[in-house]
Amino acid sequence: MRVSNLEETVDFYQKVFGLEVSRRHQSPRGSQLVFLAVPNSEEEIELTYFPGSGAVEVQEDLMHLAFEVEDMNNFAQHIKSVGYKFSDGPTESSSGSTFAFVDAPEGYEVEVIQKPK
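Position 9 of the sequence shown, counting from 1, maps to 38 under this note's numbering, and the rest follow consecutively.
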């Protein structure tokens, strides 16, 4: 994902979702890359910052990430404690799952899902 403020975005994913920086480097053309590891998974998220390309403008509903949480209420308290809030939800679906969204600094929507027990 391209971002305008690399450190603010890294901080968001670390504080809100507990992701960890697995590596950083600079590409041959000057892009700064940060790879964030998802706990208990082999998945990573790549953030890219290239100052020469200008500010990132995220289109509404272009894409989003999703993370599963054990307890939506506990997660809501956690994000509030680190300075964020849900931008939508929580909402219970017909399948019994509960979902909500929190916006990353660039405007990317991040979905949070609690599956039924």
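For each residue, glycine too, the CB sits at the ideal point set by N, CA and C.
Note that the structure is a prediction, hence the values are computed from the model and not measured.
CA-CA distance, residue i and residue j?
i	j	result
Y42	A133	8 Å
S33	Y78	6 Å
Y113	E73	22 Å
E75	S122	30 Å
R53	Q61	7 Å
Using a Cβ-Cβ cut-off of 8 Å (strictly less than) and excluding sequence neighbours within five positions of residue i, which residues of its own chain qualify?
i	result
V50	V39, Q43, V63, F64, L65, A66
I108	V45, K114, F115, V131
Determine, using beta carbons only, whether residue i and residue j come nearer to each other than 7 Å.
i	j	result
V85	E135	yes
S116	F130	yes
F96	V141	yes
Tell me the DSSP bridge mates of residue i?
i	result
H93	E138
I'd like the list of long-range same chain contacts for residue i, defined as Cβ closer than 6 Å, with 5 residues on each side in sequence excluded.
i	result
G47	P68
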